[in-house]
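Engineer:
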Amino acid sequence: MRLCGKITRHLGFDDDLLMKKVLITGGTGYLGGRLLQEIKTNHINWQVFVGTRNQTNRNISDYSTPINTNWTSQASLDDACKDIDIVIHLAAMDAASSKDDPVGALLMNGVATARLVNAAIRNGVSRFIYLSTSHVYGASLVGDITENTPPNPIHPYSTSHRAGEDVVNAAGISGSIETVVIRLSNSFGAPVDPKVNCWSLLVPDLCRQCITNQQLKLNSSGRQRRDFITITDACRAIIHLSEVPINKLKSLIYNVGGNYSPTIIEMAQRIKSRFECLFKKDIEILTLNNSDDEVASDFNYCTRLLFKSGFKFIANVDAEIDDLLLFCFNNYNDK
Numbered sequence: 001m002r003l004c005g006k007i008t009r010h011l012g013f014d015d016d017l018l019m020k021k022v023l024i025t026g027g028t029g030y031l032g033g034r035l036l037q038e039i040k041t042n043h044i045n046w047q048v049f050v051g052t053r054n055q056t057n058r059n060i061s062d063y064s065t066p067i068n069t070n071w072t073s074q075a076s077l078d079d080a081c082k083d084i085d086i087v088i089h090l091a092a093m094d095a096a097s098s099k100d101d102p103v104g105a106l107l108m109n110g111v112a113t114a115r116l117v118n119a120a121i122r123n124g125v126s127r128f129i130y131l132s133t134s135h136v137y138g139a140s141l142v143g144d145i146t147e148n149t150p151p152n153p154i155h156p157y158s159t160s161h162r163a164g165e166d167v168v169n170a171a172g173i174s175g176s177i178e179t180v181v182i183r184l185s186n187s188f189g190a191p192v193d194p195k196v197n198c199w200s201l202l203v204p205d206l207c208r209q210c211i212t213n214q215q216l217k218l219n220s221s222g223r224q225r226r227d228f229i230t231i232t233d234a235c236r237a238i239i240h241l242s243e244v245p246i247n248k249l250k251s252l253i254y255n256v257g258g259n260y261s262p263t264i265i266e267m268a269q270r271i272k273s274r275f276e277c278l279f280k281k282d283i284e285i286l287t288l289n290n291s292d293d294e295v296a297s298d299f300n301y302c303t304r305l306l307f308k309s310g311f312k313f314i315a316n317v318d319a320e321i322d323d324l325l326l327f328c329f330n331n332y333n334d335k
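Just so we're aligned: the sequence shown equals residues 1 to 335 in this note's numbering.
#1: Out of curiosity, what's the CA-to-CA distance linking Val392 and Asp166?
#2: Figure out for me which residue from Phe311, Lys82 and Asp318 has the closest Cα to the Cα of Arg236.
#3: How would you call Leu288, buried or exposed, if buried means at least 16 neighbouring beta carbons within 10 angstroms?
#4: Pairs of beta-carbons, one from the region 245 to 261 and one from the region 191 to 201, closer than 8 Å: are there three or more?
#5: Have a look at Gly32 and Thr232 and give me their C-alpha separation to the nearest angstrom.
#6: Around the C-beta of Cys277, are 16 or more other C-beta atoms found within 10 angstroms, so that it is buried, or is it exposed?
#7: Measure the CB-CB distance between Ser309 and Val256 and report whether it falls below 8 Å.
#8: Which of the three DSSP states, helix, strand or coil, is assigned to Met19?
#9: What are the boundary residues of the alpha helix (DSSP H) that His354 is part of?
#10: Taking C-beta to C-beta, are Arg183 and Ser140 nearer than 8 Å?
#11: Going by DSSP, what residue range makes up the alpha helix (DSSP H) through Pro102?
#12: Please look up how many angstroms separate the CB atoms of Leu202 and Asn186, rounded, as I've assumed it's under 8 Å.
#13: Taking CB distances under 8 Å as the criterion, tell me whether Gly257 reaches chain B.
#14: Nearest-angstrom Cα distance between Phe327 and Ala319?
#15: State the DSSP-derived secondary structure class of Asp323, mapped to helix, strand or coil.
#16: Beta-carbon within less than 7 Å of Ile246's beta-carbon, same chain only, minus the 5 sequence neighbours each way: which residues are those?
#17: Label Gln215 either buried or exposed according to how many other C-beta atoms from any shown protein chain fall within 10 Å of its C-beta, with 16 as the threshold for buried.
#18: To the nearest angstrom, how far is it from the Cα of Leu218 to the Cα of Ile285?
#19: Which partner residues does Asp144 have in the DSSP bridge list?
#20: Under 8 Å by Cβ, that's how I've got Ala225 and Phe299 pegged, so tell me the actual separation to the nearest angstrom.
#21: So, are the CB atoms of Ala80 and Ala119 less than 8 Å apart?
#22: Is DSSP giving Ile84 helix, strand or coil here?
#23: Suppose contacts are defined by Cβ-Cβ distances below 8 Å. Is Asp85 in contact with Val111 by that definition?
#24: In the structure shown, what three-state DSSP assignment does Ser422 receive?
#25: Can the beta-carbon of Ile145 be found closer than 8 Å to that of Tyr30?
#26: For the beta strand (DSSP E) containing Asn118, list its first residue and its last residue.
#27: Is Leu77 near Asn45, with beta carbons less than 8 Å apart?
#28: Out of curiosity, what's the CA-to-CA distance linking Ile152 and Gly138?
#29: Just tell me which of Asn333, Ala315, Leu325 and Thr303 has its CA closest to the CA of Thr149.
#30: Whole angstroms is fine: what's the gap from Ser174's alpha carbon to Glu147's?
#31: Just to confirm, does Asp318 get its C-beta within under 7 Å of one of the non-hydrogen atoms of the ligand SAM?
#32: Which term fits Asn330, buried or exposed, when burial requires 16 or more other beta carbons within 10 angstroms of its beta carbon?
#33: Output needed for Ser251: all residues of its chain with C-beta closer than 7 Å, excluding positions within five of it in sequence on either side, in chain order.
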């Protein structure tokens, strides 16, 4: 019979050799599905459980064991956290739904997070990882954005995530549990299933447009800068911050971005180039409100603390775009 990580650490065993029990919420989503895939492929010392209300989802059964989670029930979340070593909390209301239902966003991203943190503490979970967003810093980011930059959330998606952050940080500061808040920038890559809700995000939307419309249409001038990170490296960063020894953690909050901040039009041009290389077809980019007076502001999403903890990038931006284009071609090509 296996001794769980919480017990064997007290007995002096090497923690790196133990099979850790990891609870992941939101494992049926865009990031969650890829995280499960990354774990299965490269992380054999995790036994993964996925908190879900849909236990028949095939992405869960392929990669892990489902655990029923009722976000309005403290007892349900307590059961989900029993014998768990690490909780990775990805489940959240997305940006579009948050805008339509700000109260629901606060209940899911804030209150439900508080319930899960309490369940983790009561059940002796070692570490709690919370996926927040770079949008807590504000809508239009300029200059150097570090973990010390004052948050300025103005959208229900970001304000509700900030509420979740506060709950998690308070637990970590009190010493009740090890906590890490990840402020993730714009991750991109192929989803594990075409039904995954990712097509309102910029890069997936543009890649799908390439296949279905044979053109790229932007809803702006495209002069705004954003930080982008491959979903491969985003998943690796989550795993890394889940396992890095406590003495190497430099902060309770980590910016996780790709050190790559093109304008939207530059990203569209890169996607256009990859499409034309793969499919040997020319496509055009259409923009709105294109003004020569509009200047792209400098923007640097600083990830210095992440790299100080020992993390390194391995993924290739063009390869990730290619995978996403091919995914769209295989699933949405009607011609």
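We put the CB at the ideal spot given by N, CA and C, even for glycine. Predicted model, so just to flag it, every value in this text is computed and none were measured.
Structural biologist: In short:
#1: Because residue 392 is not part of the residues shown, which for the chain are 1 to 335, the question remains open.
#2: On the sequence shown, residue 236 is found 236 positions in, with the first residue counted as 1. Ranking Phe311, Lys82 and Asp318 by Cα distance to Arg236 puts Phe311 first.
#3: Here residue 288 corresponds to residue number 288 of the sequence shown, with the count starting at 1. By the 16-neighbour rule on beta-carbons within 10 angstroms, Leu288 is exposed.
#4: As far as the Cβ criterion goes, the region 245 to 261 does not touch the region 191 to 201, which means the pair count is below three.
#5: Here residue 32 refers to the residue found at position 32 when the sequence shown is read from its first residue. Here residue 232 refers to the residue found at position 232 when the sequence shown is read from its first residue. As the crow flies, the alpha-carbon of Gly32 is around 11 Å from that of Thr232.
#6: Translated into the one-based positions of the sequence shown, residue 277 becomes position 277. Around the beta carbon of Cys277, fewer than 16 other beta carbons sit within 10 angstroms, so the residue counts as exposed.
#7: Locating residue 309 in the sequence shown gives position 309, where the first residue counts as 1. Locating residue 256 in the sequence shown gives position 256, where the first residue counts as 1. With respect to Val256, Ser309 sits apart: the two C-beta atoms are not nearer than 8 Å.
#8: Residue numbering aside, residue 19 sits at position 19 when the sequence shown is read from its first letter. Correct three-state label for Met19: coil.
#9: Shown here, the chain extends from 1 to 335; a query on residue 354 therefore has no answer.
#10: The residue labelled residue 183 in the question sits at position 183 within the sequence shown. The residue labelled residue 140 in the question sits at position 140 within the sequence shown. No, the Cβ-Cβ distance between Arg183 and Ser140 is not below 8 Å.
#11: Within the sequence shown, residue 102 is the residue found at index 102, counting from 1. Run containing Pro102: Pro102 to Ala105, per the alpha helix (DSSP H) assignment.
#12: Numbered from 1 along the sequence shown, position 202 holds the residue referred to as residue 202. Numbered from 1 along the sequence shown, position 186 holds the residue referred to as residue 186. About 7 Å; that satisfies the 8 Å criterion.
#13: The question asks about chain B, but that chain is absent: this structure has only one protein chain.
#14: Taking the sequence shown and counting its residues from 1, one reaches residue 327 at position 327. Taking the sequence shown and counting its residues from 1, one reaches residue 319 at position 319. In a straight line, the C-alpha of Phe327 is about 12 Å away from that of Ala319.
#15: Translated into the one-based positions of the sequence shown, residue 323 becomes position 323. Of the three classes helix, strand and coil, the one that applies to Asp323 here is helix, per DSSP.
#16: Here residue 246 refers to the residue found at position 246 when the sequence shown is read from its first residue. So the qualifying residues of the chain are Glu178.
#17: Taking the first residue of the sequence shown as 1, we reach residue 215 at position 215. Per the 10 Å Cβ criterion, exposed.
#18: The residue you call residue 218 lines up with position 218 of the sequence shown. The residue you call residue 285 lines up with position 285 of the sequence shown. Cα to Cα, the separation comes out at about 8 Å.
#19: Residue mapping note: residue 144 aligns to position 144 of the sequence shown, counting from 1. In DSSP, Asp144 forms a bridge with Asn300.
#20: The residue you call residue 225 lines up with position 225 of the sequence shown. The residue you call residue 299 lines up with position 299 of the sequence shown. The sequence shown places Arg at residue 225, rather than the Ala named in the question. Confirmed, Cβ separation roughly 4 Å.
#21: In the sequence shown, the residue the question calls residue 80 occupies position 80. In the sequence shown, the residue the question calls residue 119 occupies position 119. Yes; because the gap between Cβ atoms is below 8 Å, this pair is in contact.
#22: As a working note, residue 84 is residue 84 in the sequence shown. The answer is coil: DSSP assigns Ile84 none of H, G, I, E or B.
#23: As a working note, residue 85 is residue 85 in the sequence shown. As a working note, residue 111 is residue 111 in the sequence shown. Going by C-beta atoms, Asp85 is not nearer than 8 Å to Val111.
#24: For the chain, the structure presents residues 1 to 335; residue 422 sits outside this window and is missing.
#25: For the purposes of this step, residue 145 is identified with residue 145 of the sequence shown, where counting begins at 1. For the purposes of this step, residue 30 is identified with residue 30 of the sequence shown, where counting begins at 1. Taking C-beta atoms as the reference points, Ile145 and Tyr30 fail to come closer than 8 Å.
#26: For the purposes of this step, residue 118 is identified with residue 118 of the sequence shown, where counting begins at 1. No beta strand (DSSP E) holds Asn118; the alpha helix (DSSP H) holding it covers Ala112 to Arg122.
#27: Start at 1 with the first residue of the sequence shown, and residue 77 comes out as number 77. Start at 1 with the first residue of the sequence shown, and residue 45 comes out as number 45. No; because the gap between Cβ atoms is not below 8 Å, this pair is not in contact.
#28: In the sequence shown, counting from the first residue as 1, residue 152 sits at position 152. In the sequence shown, counting from the first residue as 1, residue 138 sits at position 138. One point to set straight first is that residue 152 is Asn, not Ile, in the sequence displayed. Distance between the alpha carbons of Asn152 and Gly138 is about 5 Å.
#29: Residue numbering aside, residue 149 sits at position 149 when the sequence shown is read from its first letter. By alpha-carbon distance to Thr149, the top candidate from Asn333, Ala315, Leu325 and Thr303 is Thr303.
#30: Translated into the one-based positions of the sequence shown, residue 174 becomes position 174. Translated into the one-based positions of the sequence shown, residue 147 becomes position 147. C-alpha separation (whole angstroms): 20 Å.
#31: With respect to the ligand SAM, the structure offers nothing, as it holds no ligand at all.
#32: Position 330 of the sequence shown holds residue 330. By the Cβ neighbour-count rule, Asn330 is exposed, with fewer than 16 other Cβ atoms within 10 Å of its own.
#33: Locating residue 251 in the sequence shown gives position 251, counting from the first residue. Around Ser251, the same chain offers Glu147 and Leu305 as residues with beta carbons nearer than 7 Å, after the five sequence neighbours per side are excluded.
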